[in-house]
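A short worksheet on the structure shown next.
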Amino acid sequence: MKVMINEKEGLLSVYIPKKDLEEAVVRKEPAEGFGGTLELANGMKLYIEPIKPAPRLPITVEAKKV
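Sequential numbering from 0 applies to the sequence shown in numbering that gives the first Met the number 0.
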C-alpha cells in the first residue's frame, strides 16, 4: 500500500490515504536510518524498504503490513 511519511516537531507520522488515517510512529526498528519496521500509535506495524541516504520528507513510499 502507498503511504506518506512526514516529520512533525521531530516525530515521524504516517498517512494512509486508503483509510484516511494519520498516526504517529511510536517505534522504529532499526532505530537509525530510514526504513524498516514502523509501529504506529494504533498498534499497526508497517515495513518499508530501507532507503539510503535518508530522503527529504514528506515522501510517499510502498509499505507492507507486518
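Glycine included, every Cβ here is placed at the ideal spot set by N, Cα and C.
Subject >> Beta-carbon spacing of residue 47, residue 37 below 8 Å >> reply: Going by C-beta atoms, residue 47 is nearer than 8 Å to residue 37.
**OP:** Within its chain, find whatever has a CB closer than 6 Å to the CB of residue 63; leave out the 5 residues flanking it on each side and keep chain order.
**Re:** Once the five neighbours on either side are set aside, the close Cβ partners of residue 63 are 46.
Original post:
Going by other Cβ atoms of all chains shown within 10 Å of its Cβ, with 16 needed for buried, is residue 25 buried or exposed?
Top reply: Burial call: exposed.
Subject >> C-alpha distance - residue 7 paired with residue 57, whole-angstrom precision >> reply: The alpha-carbon atoms of residue 7 and residue 57 are separated by roughly 10 Å.
**OP:** May I ask you to list the residues that DSSP assigns as paired with residue 116?
**Re:** Outside the displayed span of the chain (0 to 65) sits residue 116, for which this structure offers no information.
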